[in-house]
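Each remark here refers to the structure printed beneath this line.
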Amino acid sequence: WRAIRPMLPSAEQFPYTLRVVSEITESNGSSSMATVCGTSLALMDAGVPLAKPVAGIAMGLIKEGERFAVLSDILGDEDHLGDMDFKVAGTANGVTSLQMDIKI
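Next comes the structure, spelled out in structure tokens:
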């Protein structure tokens with residue numbers, strides 16, 4: 005919701021109630037970022053005048069000693085076993101939401 009909300013039209017521009025249900029039947033990555041992308045596409049397909057399309061990605065960090073690796077589009081195990089996961093969503097013009105979990 006936080007990622008999409010800044011792109012929604014005002015109540016005056018679009019005086020309708022929106023309800024989006026995202027049912028994840030299987031996951032091999034970030035279900036929240038899949039929900040952001042799917043919601044943006046579904047709303048545009050339904051004719052909701054979004055200001056801009058929104059997409060998102062989950063990234064991670066694995067640290068061992070002084071070495072670290074940054075991972076993009078992380079899988080479930082990388083999310084669970086990594087030292088940090090970072091989700092960012094936005095448009096071509098800027099960020100609409102962030103979430104970071106640090107485990108170290």
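Residue 108, in the numbering used here, is where the sequence shown stops; the numbers in between run on with no holes. By construction, the Cβ of each residue, glycine as well, lies at the ideal position given by its N, Cα and C atoms.
Reference residue i; option with closest CA among the options
i              : options                        : result
serine 35      : Met104, Asp77 and Val99        : Asp77
isoleucine 28  : Arg6, Tyr20, Met37 and Thr21   : Met37
alanine 46     : Asn97, Phe72 and Leu22         : Leu22
aspartate 87   : Gln17, Ala50 and Leu65         : Leu65
valine 99      : Val40, Phe18, Val52 and Val25  : Val40
glutamate 68   : Val92, Leu85, Ala50 and Leu102 : Leu85
isoleucine 108 : Asp89, Leu102, Ala96 and Met63 : Asp89
Range of the contiguous beta strand (DSSP E) that encloses residue i
i              : result
isoleucine 106 : 98-106
Q) Can you list the beta strand (DSSP E) stretches of 3 or more residues lying completely in the segment 50-93, in chain order? A) Counting whole runs of 3 or more residues, the segment 50-93 contains the beta strand (DSSP E) stretches 59-68 and 71-76.
Q) Hey, is the segment 14-33 in contact with the segment 79-99, meaning 3+ C-beta pairs nearer than 8 angstroms? A) In this structure the segment 14-33 lies against the segment 79-99, because at least three pairs of beta carbons, one per stretch, are closer than 8 angstroms.
(Q) I'd like the ranges of any beta strand (DSSP E) spanning at least 3 consecutive residues and lying wholly in the segment 9-39. (A) As far as the segment 9-39 is concerned, it has no whole beta strand (DSSP E) run of at least 3 residues.
Q. Is it a yes or a no for the segment 46-58 touching the segment 11-26, going by three-plus beta-carbon pairs under 8 angstroms?
A. Touching, per the Cβ criterion.
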